[in-house]
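Right, one structure below, let's go through it.
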Amino acid sequence: MAERPRHQSPLALVLLASLSEEPMHAYRMRRLIKERGKDRIVNVARSNSVYQTINWLRQRELVQVRETSHGQGRPDRTIYEITEKGRDALQQWLATTLSTPAREFPEFPAALASMAATTPEEVTRHLEERAAALTRRLAETEARRDNDAQDVPRLFLIEDEYLMAMTKAELRWVESLIAEITQKELTWTRDWLDTIRSTSGE
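The opening residue of the sequence shown carries number 174 in the working numbering; numbering runs sequentially from there.
Right, here's the structure in full:
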């Protein structure tokens, strides 16, 4: 099985895939990511992140400079192209990322693991806010998908289906947790926590 490259980022994968279509400059890569709605899955809010990632790819000889144009009254424009090593790496990254779940460390599970540090009432309030935000996100994604589906083949919208499925699953789980805490099926107090710690020898 292919090994996941060290320090690989989602943006590196998307940029490499873009360059596999045709050579282009950094500004066009960033613009295409936004036009295609891929800025929902990679962060290109700052152009500097694109240039930093291109430099990362260049250092590993996955992309190279094809040409640099010099124009009066505007900055030099560098066109990048994917290398053969880059094409091989792209296939390897796709194989690894599609087949092997990454061990990621998102913030939400860390907050869940630490929620005993606050009260059940506060946790419920925060989770209700999260559920409302997830509901809005789901509605926005569905509306965008339905609108884009009229003109864009499903292949190029497949990540939206994944994001919707993940959002729906998280929303169901969060709502069930809210219900359990509200009904006191899951609850805690400071005295109870102190008792648990004392009996466990902490």
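Virtual Cβ for every residue (Gly too), placed ideally from N, Cα, C.
To the nearest angstrom, report how far apart residue i and residue j are at their CA atoms.
| i | j | result |
| --- | --- | --- |
| Val236 | Asn221 | 17 angstroms |
| Asp321 | Arg276 | 32 angstroms |
| Gly210 | Val217 | 11 angstroms |
| Thr372 | Asp364 | 12 angstroms |
| Ala268 | Ser182 | 15 angstroms |
| Leu353 | Glu254 | What sits at residue 353 in the sequence shown is Glu, not Leu. The straight-line gap from Cα to Cα measures roughly 54 angstroms. |
| Leu186 | Thr270 | 10 angstroms |
| Arg231 | Arg239 | 12 angstroms |
| Thr118 | Ser287 | Residue 118 lies beyond the range of the chain shown here (174 to 375); nothing can be said about it. |
| Ala342 | Asp319 | 20 angstroms |
| Arg298 | Pro279 | 21 angstroms |
| Ala283 | Ile252 | 42 angstroms |
| Leu184 | Glu315 | 24 angstroms |
| Asp333 | Glu313 | 11 angstroms |
| Thr256 | Glu302 | 47 angstroms |
| Thr273 | Ser242 | 41 angstroms |
| Arg247 | Arg219 | 20 angstroms |
| Val223 | Val215 | 10 angstroms |
Relative to the alpha-carbon of residue i, which residue among the options has its alpha-carbon at the smallest distance?
| i | options | result |
| --- | --- | --- |
| Glu294 | Ile206, Trp361, Ser182, Val223 | Trp361 |
| Lys207 | Glu195, Ser193, Leu188 | Leu188 |
| Ala304 | Thr340, Ile214, Arg370 | Thr340 |
| Arg370 | Ala289, Glu334, Ser242, Thr241 | Ala289 |
| Leu234 | Ser287, Tyr335, Lys258, Thr270 | A small fix is needed here, since residue 234 is Glu in this sequence, not Leu. Of Ser287, Tyr335, Lys258, Thr270, the residue nearest in Cα terms is Lys258. |
| Arg125 | Pro282, Arg260, Ala185, Arg213 | There is simply no residue 125 to check, as the chain begins at 174 and stops at 375 in what is shown. |
| Leu285 | Arg309, Leu359, Thr273 | Leu359 |
| Leu307 | Glu195, Glu240, Val347 | Val347 |
| Arg260 | Val223, Leu336, Ser193 | Ser193 |
| Arg309 | His243, Met337, Ala283, Pro279 | Met337 |
| Thr357 | Ile252, Tyr335, Thr292 | A small fix is needed here, since residue 357 is Lys in this sequence, not Thr. Nearest option by C-alpha distance: Thr292. |
Does residue i pass the burial test, meaning 16 or more other C-beta atoms within 10 Å, or should it be called exposed?
| i | result |
| --- | --- |
| Glu176 | With a pLDDT of only 46 at Glu176, under the threshold of 50, the placement of this residue in the model should not be trusted, and no figure is reported. |
| Arg204 | exposed |
| Asp367 | exposed |
| Asp249 | exposed |
| Val296 | buried |
| Leu300 | buried |
| Ser191 | buried |
| Asp324 | exposed |
Cβ of residue i within 8 angstroms of Cβ of residue j?
| i | j | result |
| --- | --- | --- |
| Leu344 | Leu311 | yes |
Original post:
When the Cβ atoms of the stretch 321–340 are set against those of the stretch 254–264, are three or more pairs found closer than 8 angstroms?
Top reply: no
Original post:
For the stretch 222–230 against the stretch 191–206, are there 3 or more C-beta pairs whose distance is under 8 angstroms?
Top reply: yes
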